[in-house]
Amino acid sequence: MIRDNERRQFLQIHPKDNVLVALNDLPEGFTVDFGGQKITLRQPIKAKHKFTIEEIAQDGDVFMYGVLVGKVNVALSIGELISTENLRHAAEDFKLGERKIEWQKPDVSAIADRTFEGFHRSNGTVGTANYWLVIPLVFCENRNVLTLKSALEDKLGYRVQSADYSNEVDELIRQYQSGADATQLLKADLSPTAIDRTANRLFPNVDGVKFLNHDMGCGGTRMDSDALCGLLAGYITHPNVAGATVLSLGCQHAQASILRDEITKRDPAFDKPLYVFEQQFEGTEQRLMQNAIKSTFAGLTIANQMKRAPATLSKLCIGLECGGSDGFSGISANPALGYLSDMLVSVGGSVILAEFPELCGVEQEMSDRCIDEPMAEKFIHLMRTYNAKAEADGSGFYMNPSPGNIRDGLITDAIKSAGAAKKGGSSPVQAVVDYPELANKPGLNLLCTPGNDVESTTAEVGAGANLVLFTTGLGTPTGNPIAPVIKIATNTKTYERMPDIIDLNCGTIIDGEESIAESAHRILDYVIEVASGREICKAVKLGQDDFIPWRRGVSL
């Protein structure tokens, strides 16, 4: 707990921890008063990094968040910086344990009767948006999908003019033609082009037509193509989707029949408009494209009949994601999402915690929170199988932290994971789901995905998330074609430096201006506005339609 007179200096996350987190840059020789113990820092400690509060023998344990996060390579004195040079990854072993599903529910009296305005589907799900999809079953159809995009997007009023720098190029051309040399061109003052979302939509109740290109469907393993069909079925049956146009070549592994089977598995009474065209059957490209355009346009007239109506918060299914994480992620934004997750679960909603490489070190806690032993055994099996495959290819979970993570204090995967897991709150695990299946059961769902931001976000939305909350310490533009991705900064500096891609700031927790609970309520207020279509998050404004299916190999 941060004491008032030390609010801007350091934090002990858990009483068991033998390191402290610097909340600001601390100079060498600085004296920290920790519980009456005077600790003199032996090196400068940058904000977000950790220093020891006890002597640790060589190969001794380092604890953060109350769990083992590494072992030291050399003996460390009190007040020493924890770094990649002196700390290596280590985590406790895990096994099937006792069920620990008792938890303290948060006070939800303030949100129990709140609603959002969503699109109600016939299968009982509710969308936070209303999109039409155009999807290729195989990469051979990518060009045709892009041709459809070129034909439809601008004419229907859906083109997002967020990255048009043609005015800047025009200015550079003018200066070059006037005789400017390279030095002068580098100093040119380029006025920014304003972001302009086209408002003249032909179909006002349809939020957009989204085109999901990918590089899969054939030439890989049958497992990959089957998983692709499952993922695409998850998008077609998604509550944020009104219908879809699918382009198939015809001979690829990812057959239209497999896609239809996967759709039926997810929604046995599926009744959305779905148009599938096979180029080898249609014949000429012109015939293919004309039929696809006619069907898509007709489908949009049906989708436009949908209107928003009130829905309880139990109809929200929120994906929990982090990317560009830093040393503050686990003590500000992630715990705030954890509190919000517990609130949403308490009123009947669903949350999805994914990124299995970032649960390394907290496996025992997560498996113990599973509501029954078969579920716990499934989680343990998925974790061990995934890590074993990664290690066989020379890249175990310990390789997960990126250079940016490490630079900002996440030295080992266990440190990163212990903080990342905070997004899931403290409620029991109601479902453990393997990719690319649905993970929208009321309560906390664990979904096996890689830690890669876009692959994981893509999977969470395919699993049913109708909105994603994404924490970031370093900053990232990640979005999704059909689900709003709300970006939340872990620190105020990043929030102020990147206001064009980040929506909310949890640096207020580090700055001592707001509690975790207060931050969670503020985030939920914004979630309701976005889910209702009254606010548009930055990723949607920018047209950040990131979509990468996971090849079921090693991707951390």
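Read in order, the letters of the sequence shown are residues 1 to 556 in the numbering used here.
Think of the CB as a built atom: it goes at the ideal place given N, C-alpha and C, for glycine as much as any other residue.
Values in this document were obtained by computation on a predicted structure and should not be read as measured data.
With burial defined as no fewer than 16 other Cβ atoms inside 10 Å of the residue's Cβ, what is the status of residue i: buried or exposed?
{"i": "GLY124", "result": "exposed"}
{"i": "ASP215", "result": "exposed"}
{"i": "ALA75", "result": "exposed"}
{"i": "ASN167", "result": "exposed"}
{"i": "ARG369", "result": "buried"}
{"i": "ALA292", "result": "buried"}
{"i": "ILE173", "result": "exposed"}
{"i": "LEU148", "result": "buried"}
{"i": "GLY19", "result": "In the sequence as presented, Gly is not what sits at residue 19; that position holds Val. Burial call: buried."}
{"i": "ARG308", "result": "buried"}
{"i": "ARG3", "result": "No answer about ARG3 holds up, because its pLDDT of 38 lies below 50 and its placement is not dependable."}
{"i": "MET1", "result": "Caution applies to MET1, whose pLDDT of 36 falls short of 50 and renders its modelled position unreliable; the value that the coordinates give is listed next. With fewer than 16 Cβ atoms within 10 Å of its Cβ, MET1 is classed as exposed."}
{"i": "ASP17", "result": "buried"}
{"i": "HIS14", "result": "exposed"}
{"i": "TYR165", "result": "exposed"}
Measure the beta-carbon distance from residue i to residue j and round it to whole angstroms, keeping in mind my assumption that it falls under 8 Å.
{"i": "ALA188", "j": "GLN177", "result": "About 13 Å separates the two Cβ atoms, so there is no contact after all."}
{"i": "TYR131", "j": "ARG201", "result": "Not quite, the Cβ-Cβ distance comes to about 12 Å (not below 8 Å), so this is no contact."}
{"i": "MET366", "j": "LEU446", "result": "7 Å"}
{"i": "GLU562", "j": "SER456", "result": "Because residue 562 is not part of the residues shown, which for the chain are 1 to 556, the question remains open."}
{"i": "VAL432", "j": "MET375", "result": "5 Å"}
{"i": "VAL138", "j": "GLN252", "result": "4 Å"}
{"i": "GLU55", "j": "ILE39", "result": "At roughly 11 Å, the Cβ-Cβ gap does not stay under 8 Å, so GLU55 and ILE39 are not in contact."}
{"i": "ALA520", "j": "ALA336", "result": "5 Å"}
{"i": "GLY361", "j": "VAL160", "result": "Not quite, the Cβ-Cβ distance comes to about 40 Å (not below 8 Å), so this is no contact."}
{"i": "ASN480", "j": "THR458", "result": "7 Å"}
{"i": "GLY330", "j": "GLY404", "result": "Actually they do not touch by this definition, with Cβ atoms about 15 Å apart."}
{"i": "LYS48", "j": "GLY409", "result": "4 Å"}
{"i": "SER350", "j": "GLY234", "result": "That pair is no contact at about 14 Å."}
{"i": "GLY475", "j": "ILE510", "result": "No, GLY475 and ILE510 are not in contact; Cβ-Cβ is about 16 Å, not under 8 Å."}
{"i": "GLU513", "j": "ILE352", "result": "Between ILE352 and GLU513 the Cβ distance is about 30 Å, and since that is not below 8 Å, they are no contact."}
{"i": "GLU262", "j": "GLY230", "result": "5 Å"}
{"i": "PRO557", "j": "VAL126", "result": "The displayed coordinates of the chain run from 1 to 556. Any statement about residue 557 would go beyond what the structure contains."}
{"i": "VAL530", "j": "THR128", "result": "7 Å"}
{"i": "VAL21", "j": "GLY419", "result": "That belief does not hold up - the Cβ atoms of VAL21 and GLY419 are roughly 10 Å apart, past 8 Å."}
{"i": "ALA303", "j": "PHE203", "result": "7 Å"}
Bridge partners of residue i, per DSSP?
{"i": "HIS120", "result": "VAL126"}
{"i": "MET64", "result": "VAL67"}
{"i": "CYS448", "result": "ASP434"}
{"i": "VAL347", "result": "Partner(s): none; VAL347 has no beta bridge."}
{"i": "ALA489", "result": "THR472, ASN505"}
{"i": "ASP33", "result": "LYS38"}
{"i": "PRO310", "result": "GLU117"}
{"i": "TRP132", "result": "VAL209, GLY243"}
{"i": "LYS50", "result": "VAL21"}
{"i": "ILE56", "result": "LEU76"}
{"i": "LEU185", "result": "For LEU185, which the question treats as bridged, DSSP gives no partner whatsoever."}
{"i": "GLY319", "result": "ILE352, VAL468"}
Consult DSSP for residue i and reduce its assignment to one of helix, strand or coil.
{"i": "HIS89", "result": "strand"}
{"i": "CYS140", "result": "helix"}
{"i": "LEU247", "result": "strand"}
{"i": "ASN505", "result": "strand"}
{"i": "ASN5", "result": "Because the pLDDT at ASN5 is just 35, under 50, the model does not fix this residue reliably, and the value given afterwards should be weighed accordingly. The answer is helix: DSSP assigns ASN5 an H, G or I state."}
{"i": "VAL74", "result": "coil"}
{"i": "HIS14", "result": "coil"}
{"i": "THR115", "result": "strand"}
{"i": "CYS229", "result": "helix"}
{"i": "ILE45", "result": "strand"}
{"i": "GLY283", "result": "coil"}
{"i": "TYR158", "result": "coil"}
{"i": "LEU81", "result": "strand"}
{"i": "LEU542", "result": "coil"}
{"i": "GLU358", "result": "helix"}
Sort the options by Cα distance to residue i and report the nearest one.
{"i": "LYS155", "options": "VAL209, GLY35, ASN505, MET306", "result": "VAL209"}
{"i": "LEU133", "options": "PHE139, LEU172, ASN24, VAL276", "result": "VAL276"}
{"i": "ASP25", "options": "ASP33, GLN9, ILE39, GLY35", "result": "GLN9"}
{"i": "ALA390", "options": "PRO477, LEU410, PRO450, SER426", "result": "PRO450"}
{"i": "LEU359", "options": "THR52, ILE82, LYS416", "result": "LYS416"}
{"i": "PHE281", "options": "ARG552, GLY250, ASN205, ASP113", "result": "GLY250"}
{"i": "PRO499", "options": "GLY533, ALA463, ALA539", "result": "ALA539"}
{"i": "VAL206", "options": "GLY219, GLN184, GLY243", "result": "GLY243"}
{"i": "GLY533", "options": "ASN86, LEU467, THR221", "result": "LEU467"}
{"i": "LEU81", "options": "GLU262, LYS46, LYS541", "result": "LYS46"}
{"i": "GLY118", "options": "THR264, ASN505, ALA311", "result": "ALA311"}
{"i": "PHE94", "options": "ILE380, ILE13, ARG143", "result": "ILE380"}
{"i": "ILE482", "options": "ASP525, SER515, CYS537, GLU437", "result": "CYS537"}
{"i": "ASN387", "options": "LYS378, PRO357, ARG407", "result": "PRO357"}
{"i": "ILE111", "options": "SER346, LEU186, ILE53", "result": "SER346"}
{"i": "ASP170", "options": "LEU190, ALA151, GLN184", "result": "LEU190"}
{"i": "GLU28", "options": "GLY35, PHE51, PHE34", "result": "PHE51"}
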